[in-house]
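For any residue, its number in our numbering is found by taking its place in the sequence shown, counting from 1, and adding 1.
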Amino acid sequence: MSNNPWQTLLDITTRNAVDYLTSLDGRSVAPAADASQLRALLGTDLPSEPQSPVHVINDLAVAGHQGTMGSAGRRFFGFVMGGSLPTALAADWLASAWDQNAAIYASSPVAAVVEDICQRWILDILGLPSSSSVGFVTGAQMATFTALGAARHHVLREVSWDVESSGLSGAPSVTVLATRERHASVDRALRYLGFGTDSLVEIGCDGNGAIKPAELAATLQDVAGPKIVCVQSGNINTGAIDPLDEVCEVAREHGAWVHVDGAIGLWAAVSSRFNQVLAGLERADSWAADGHKWLNVPYDCGVVVCAHPGSHHAFTRVSGASPYLVPSDERDEMDWTPEWSRRARAVPLYAAMRSLGRSGIAEIVERGCAHASRFAELLSVIEGVEILNEVVLNQVLVRFRSPEGAHDVLTDCVVRAVQQDGTCWLGGTTWQGSRAMRISVSGWATTADDVDISVAAIERAYQLALGERHDEAGVNERRAEQ
Ligand SMILES: *Cc1c(COP(=O)(O)O)cnc(C)c1O
């Protein structure tokens with residue numbers, strides 16, 4: 002290594018990273034190595050002596066080539082995962098090089114000011130109340146946790162219960178209303194917050210998974226005491242957006258807090274095409290969004306927005322509590338997140354938003370929706386293929402029919418065959434009792450060509466799977482033979 006300890010290592014790292022990113026188009030999207038192969042590559046025993054930094058990085062790069070999912074590439078449609086915009090990735094590297102502790106302004110002015118700027122940009126582009134508070138967290142899970150923590154303070158204070166001092170023991174009970182199509186992170190947030198999942202009352206939803214506001218209104222009528230309504234803009238399977246205007250209207254009548262899980266779909270608010278569908282968004286009390294999904298910021302990046310900064314602050318605040326901290330009139334980030342020490346998480350977010358601008362963010366959303374519609378159109382004309390959802394966002398659910406009637410088994414086989422083929426990657430799910438292939442178009446770089454190539458791969462996999470026997474009995478027989 003040269004005298005400058007950074008130069009050699011970071012040069013090698015840049016080369017490795019660029020090689021990796023440019024190799025994505027030509028390799029299988031699925032990982033090549035399994036856990037035991039990766040253990041062999043990475044070494045399972047901690048060396049007793051220091052190892053050469055160059056070797057450490059090179060070995061990691063080799064293992065990464067084999068053991069990564071190609072989710073940073075153009076033909077990854079699994080879960081809901083974006084790639085990284087080049088500017089956001091570069092900014093993320095800078096943030097790592099700076100190694101700032103973005104806990105308080107005094108420990109990193111630049112991190113605090115970047116957050117302050119991002120806060121204003123986010124409220125502006127999403128059309129949310131400009132007086133709202135924003136916290137930069139690891140993802141929508143922590144955003145929903147923080148938002149529901151703010152809600153807990155807010156709805157209990159309204160019945161004169163100070164939950165921050167008194168805890169929940171003996172507190173008035175809080176009812177949380179949501180559909181069975183809520184994301185499981187809502188349930189986990191309720192567990193973290195001590196509400197327990199027994200506090201949940203389920204509201205019915207329509208065929209695409211959107212809440213039925215009339216049913217919500219009727220249930221709210223029957224529930225006494227503090228209430229929180231959890232809705233979503235972007236169902237994890239169908240992309241369905243709850244009718245927010247109607248929801249907020251009835252929730253307001255009953256004094257309920259409304260939280261919007263917008264992990265997937267909140268960015269759609271930047272596109273004027275969604276004005277109608279997202280009408281009423283600004284009337285909610287809190288929102289969760291993800292930077293690392295559709296906005297294509299590297300992991301991890303989530304955003305919580307709260308229309309009641311006092312309640313948000315009551316849940317997360319620390320400043321003033323510890324004499325070793327340096328109070329300031331600027332933003333002390335940890336006053337708005339559950340974390341203490343943390344990376345300068347908003348730096349890549351700032352870079353993504355600035356490099357895209359308002360129109361660029363709208364374009365990512367519109368392109369993702371157009372690609373999803375293209376998937377649905379091209380797949381639906383294939384004999385035996387059915388689209389299960391109304392494609393309202395970037396999500397498509399596909400079901401494959403088998404002459405033997407074993408559609409669930411066949412659909413799972415097609416998903417596996419697509420993954421093995423490696424042209425693209427997508428997963429399976431169960432939607433209203435049926436197995437389905439789910440396609441999520443969240444990457445910034447996907448083109449219409451990628452959709453066409455992927456549809457061809459899916460059709461190949463379907464034909465391959467049809468060639469095998471797919472009656473349930475046949476599957477059991479084969480299992481017994483093995
Ligand atoms: C991904 C997702 C979450 C969880 O978000 P993380 O960023 O993984 O913490 C919550 N809700 C919905 C609808 C999601 O798609």
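All C-beta atoms in this analysis are idealised placements derived from N, C-alpha and C, irrespective of residue type, glycine included. The model shown is predicted, which means the values in this text are computed figures rather than measured ones.
CB contact flag (residue i, residue j, <8 Å)
| i | j | result |
| --- | --- | --- |
| C425 | R76 | yes |
| V399 | I440 | yes |
| A252 | V259 | yes |
| A96 | A345 | yes |
| L394 | G210 | no |
| I229 | V81 | no |
| N274 | E367 | Strictly speaking, residue 274 in this sequence is Arg, with Asn absent from that position. Against a cut-off of 8 Å, the Cβ pair of E367 and R274 comes out as a contact. |
| V306 | S133 | yes |
| P299 | A89 | yes |
| R183 | Q233 | yes |
| I58 | L129 | no |
| E469 | C414 | yes |
| G1 | G195 | For the chain, the structure presents residues 2 to 483; residue 1 sits outside this window and is missing. |
| A289 | G263 | yes |
| I388 | E460 | no |
| D409 | A458 | no |
| S108 | A141 | no |
| N276 | L86 | no |
Element boundaries [alpha helix (DSSP H), containing residue i]
| i | result |
| --- | --- |
| C414 | H408 to D422 |
| E216 | P214 to D223 |
| W426 | Neither: W426 is in no alpha helix (DSSP H) and is coded neither H nor E. |
| H155 | A141 to R158 |
| D93 | P87 to W99 |
| Q464 | A449 to G468 |
| Q38 | A36 to L43 |
| G128 | G128 -> no alpha helix (DSSP H), and no H or E assigned at all. |
| H260 | H260 -> not in any alpha helix (DSSP H); beta strand (DSSP E) instead, spanning W258 to G263. |
| V382 | Per DSSP, V382 belongs to no alpha helix (DSSP H) and is neither H nor E. |
As assigned by DSSP and simplified to three states, the class of residue i
| i | result |
| --- | --- |
| L201 | strand |
| H56 | helix |
| G369 | helix |
| F78 | coil |
| C119 | helix |
| F376 | helix |
| L398 | strand |
| W268 | helix |
| T338 | coil |
Boundaries (first-last residue) of the beta strand (DSSP E) holding residue i
| i | result |
| --- | --- |
| L178 | T176 to T180 |
| R436 | S435 to S441 |
| E387 | V386 to I388 |
| S134 | S134 to V138 |
| S287 | S287 to D291 |
| V393 | Taken as a continuous stretch (DSSP letters only), V393 belongs to no beta strand (DSSP E), as it is neither H nor E. |
| W7 | Where W7 is concerned, there is no enclosing beta strand (DSSP E), although the alpha helix (DSSP H) it sits in stretches over P6 to S24. |
| D301 | Where D301 is concerned, there is no enclosing beta strand (DSSP E), given that its DSSP letter is neither H nor E. |
| C231 | K228 to Q233 |
Residues near residue i by beta carbon distance below 7 Å, same chain, minus five either side
| i | result |
| --- | --- |
| D207 | K213 |
| T69 | P32 |
| W122 | M354 |
| Q120 | V135 |
| R359 | I126 and V271 |
| A315 | H154 and E165 |
Cβ shell of residue i (< 6 Å), same chain only, five flanking positions each side left out
| i | result |
| --- | --- |
| L465 | A418 |
| A295 | In the sequence as displayed, the identity of residue 295 is Trp instead of Ala. Closer than 6 Å at the Cβ level, and outside the excluded window around W295, lie G83, W268 and S443. |
| L245 | G281 and L282 |
| D286 | W258, V259 and A308 |
| Y463 | F401 and V415 |
Per-residue burial, residue i [other beta carbons within 10 Å of its own, 16 or more giving buried]
| i | result |
| --- | --- |
| Y325 | exposed |
| H56 | exposed |
| E116 | buried |
| S131 | exposed |
| R153 | buried |
| R332 | buried |
| D291 | buried |
| T431 | exposed |
| D453 | exposed |
| W7 | exposed |
| C451 | One point to set straight first is that residue 451 is Asp, not Cys, in the sequence displayed. So D451 counts as buried. |
8 Å CB neighbourhood of residue i in its chain, flanking five on each side removed
| i | result |
| --- | --- |
| R16 | none |
| D188 | T198 and L201 |
| W341 | A104, V319 and M335 |
| D60 | L42, L43 and G44 |
| L25 | G71, A73, G74 and R75 |
| P173 | L157, V160, W162, G226 and P227 |
| C249 | V259, G281, R284 and A285 |
C-beta neighbour in chain B for residue i, strict 8 Å
| i | result |
| --- | --- |
| A190 | In summary, chain B is missing from the structure at hand, where a single protein chain is found. |
Legend entry - Residues passing the C-beta test against ligand 2 heavy atoms, cut-off 6 Å: With respect to ligand 2, the structure shown offers nothing to examine, as its ligands consist of ligand 1.
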